[in-house]
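Undergrad:
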Amino acid sequence: MLAFIFKRLGQSILVMLAVALIAFIMFRYVGDPVASMVSQEASIADQELLRERLGLNDPFYEQFFRFIVNAVQGNFGISYRLQTPVAELVMSRLPATIELALTSATIALVFGILAGVFTALNRKNPAAAAIMAFSLIGVSLPTFLIGIGLIYIFAVELQWLPSFGRGQVIDFGWWTTGFFTETGLRSIILPAITLSLFQMTLIMRLVRAEMLEVLRQDYIKFARARGLSKRAINFSHALKNTMVPVITIAGLQLGSIITGALITETVFQWPGIGSLFLSSVAVVDVPVMAAYLIFVGFVFVVVNLIVDILYYVVDPRLRVGAAKGH
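Residue numbering for the sequence shown follows UniProt numbering, beginning at 1 and increasing consecutively.
Shown next, in the form of structure tokens:
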């Protein structure tokens with residue numbers, strides 16, 4: 001088990017180094033950092049002095065090593081647009097994105113698994129047919145169109161929920177949250193549903209297909225022949241084996257939720273790092289863009305590492321293969 005974890009950790013570090021290299025190339029060679037930091041009246045000598053002070057004349061490998069050391073310490077430089085440390089900008093927006101992503105992932109997992117199990121066990125039920133038909137909306141429609149539709153129905157016509165913003169938040173020093181205020185909870189409903197709809201329908205269809213396949217297996221027929229109850233067969237035997245591929249897909253989708261929050265945060269004016277990234281792209285604020293790239297890469301690496309470990313724990317075939325040295 002430890003050898004498996006160390007192997008995956010080594011692979012994760014290599015991936016992060018590749019992501020850091022891409023971010024560094026973008027940071028260093030997209031535009032001129034010095035030109036973005038000085039005024040138009042600055043002389044060439046002043047610009048050269050600043051370039052030397054920032055180490056931009058150093059060899060490539062020295063600059064890259066310094067970039068990695070600073071990134072590990074959370075230092076991504078100063079935002080060209082706001083003249084504020086990038087780390088402070090990201091940390092001020094991070095709670096909003098994480099709360100939105102976790103809420104959306106919870107909705108997608110809970111309702112996706114429940115709906116998938118229900119439609120697999122009740123194939124001839126009209127409600128199951130209606131759920132399958134409804135799921136086509138989540139799979140086929142783009143996220144921004146779903147968000148606009150929800151805003152029109154629940155914010156404009158019914159006026160039940162707010163259409164933008166995060167509502168009132170409570171400041172805990174290093175973290176701000178809207179989970180403890182009425183306006184904060186009301187504000188997160190529409191963006192969370194919008195962000196979760198595609199993932200939810202994907203998980204539902206995956207659970208349904210896997211469960212139908214598992215229910216046809218011989219060991220399920222044998223369990224029925226032994227006289228086990230339907231509840232025991234469906235939830236103790238079938239559902240457990242169904243979850244193996246679901247864990248993999250759900251883990252990858254959690255990373256996609258954070259990156260997919262770009263569109264949702266823009267539609268609902270949600271003050272997260274996705275909207276910060278888009279506003280930075282508009283003015284070529286390279287330090288913020290590089291920090292966002294590393295953040296997204298880090299999220300995917302961590303999520304995949306957790307998924308691999310869970311997969312190893314759930315699937316006994318991997319443990320047998322690892323014991324044989326495969």
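Where a beta carbon is used, it is the ideal one built from N, C-alpha and C, also for glycine.
Over the uninterrupted alpha helix (DSSP H) stretch that includes Gln46, give me the two end residues.
TA: Before going on, a small fix: residue 46 reads as Asp here, not Gln. Where Asp46 is concerned, the enclosing alpha helix (DSSP H) stretches over 44–53.
Undergrad: For the alpha helix (DSSP H) containing Ile186, name the first residue and the last one.
TA: With the sequence shown as reference, residue 186 is identified as Arg, and Ile is not the correct amino acid for it. 182–215 is the span of the alpha helix (DSSP H), which, as asked, contains Arg186.
Undergrad: With DSSP as the reference, identify every bridge partner of Asp308, one or two as the case may be.
TA: Under DSSP, Asp308 forms no beta bridge with any residue.
Undergrad: Looking at C-alpha atoms only, which residue of Val283, Val296, Ile247 is the closest neighbour of Ser256?
TA: Closest by C-alpha distance to Ser256, out of Val283, Val296, Ile247, is Val296.
Undergrad: Quick one: what does DSSP say Asp218 is sitting in, helix, strand or coil?
TA: Three-state result, Asp218: helix.
Undergrad: If you reduce the DSSP assignment to three classes, tell me which class Pro126 lands in.
TA: helix
Undergrad: So, under 8 Å CB-CB, Arg8 and Leu305 are touching, yes? Tell me the CB distance rounded to an integer number of Å.
TA: About 5 Å separates the CB atoms of Arg8 and Leu305; that is less than 8 Å, so the two are in contact.
Undergrad: Using a Cβ-Cβ cut-off of 6 Å (strictly less than) and excluding sequence neighbours within five positions of Ile263, which residues of its own chain qualify?
TA: Thr143, Phe144
Undergrad: So, is His3 buried or exposed, given that buried needs 16 or more other C-beta atoms within 10 angstroms?
TA: A small fix is needed here, since residue 3 is Ala in this sequence, not His. Classification for Ala3: exposed.
Undergrad: Could you tell me how far apart the beta carbons of Ser280 and Val267 are, in whole angstroms, since I believe they sit closer than 8 Å?
TA: Not confirmed; about 18 Å, so no contact.
Undergrad: Taking all protein chains shown into account, do 16 or more other C-beta atoms lie within 10 angstroms of the C-beta of Trp160, making it buried, or fewer, making it exposed?
TA: exposed
Undergrad: Alpha carbons only, please: which of Asn241, Leu195, Ser12, Glu265 is nearest the one belonging to Val139?
TA: Leu195
Undergrad: To the nearest angstrom, how far is the alpha carbon of Gly55 from that of Val19?
TA: 22 Å
Undergrad: I think Phe298 touches Met16, with their Cβ atoms under 8 Å apart; what is that distance to the nearest whole Å?
TA: 7 Å
Undergrad: For a test of the three-state rule: what should DSSP assign to Pro271, helix, strand or coil?
TA: coil
Undergrad: Looking at the secondary structure, which residues open and close the alpha helix (DSSP H) in which Asn70 lies?
TA: Annotation for Asn70: the continuous alpha helix (DSSP H) segment containing it runs 60–72.
Undergrad: Along the chain, where does the alpha helix (DSSP H) that runs through Thr106 open and close?
TA: 86–121
Undergrad: Tell me which residue opens and which closes the alpha helix (DSSP H) that Gly77 is part of.
TA: It is not in any alpha helix (DSSP H) - Gly77 carries neither H nor E in the DSSP assignment.
Undergrad: What residue does the alpha helix (DSSP H) around Gly167 start on, and which one ends it?
TA: Per DSSP, Gly167 belongs to no alpha helix (DSSP H) and is neither H nor E.
Undergrad: Just the Cα atoms here: how many angstroms apart are Gln253 and Ala290?
TA: 23 Å
Undergrad: Excluding the five sequence neighbours on either side, which residues of its own chain have a C-beta within less than 8 Å of the C-beta of Trp174, listed in chain order?
TA: Met91
Undergrad: Which partner residues of Thr176 appear in the DSSP bridge assignment?
TA: Asp171
Undergrad: Return the first residue and the last residue of the alpha helix (DSSP H) that Phe144 is part of.
TA: 143–150
Undergrad: If you run the structure through DSSP and keep just helix, strand and coil, what is Asn57?
TA: It is coil, neither helix nor strand.
Undergrad: Spatial neighbours of Gly74 within its chain, please: C-beta separation below 7 Å, excluding the five flanking residues on both sides.
TA: Excluding sequence neighbours, Gly74 sits near Ala87.
Undergrad: What is the C-beta distance between Arg93 and Gly272, in whole angstroms, given that I count them as a contact (C-beta under 8 Å)?
TA: 5 Å
Undergrad: Buried or exposed: which applies to Phe224, given that a residue is buried once 16 or more other Cβ atoms fall within 10 Å of its Cβ?
TA: Sequence inspection shows Arg at residue 224; the Phe mentioned does not correspond to that position. For Arg224, the number of other beta carbons within 10 angstroms of its own is below 16, and it is reported as exposed.
Undergrad: Tell me the rounded alpha-carbon separation between Phe179 and Ser187.
TA: 10 Å
Undergrad: Mapping DSSP to helix, strand and coil, what is Gly227?
TA: coil
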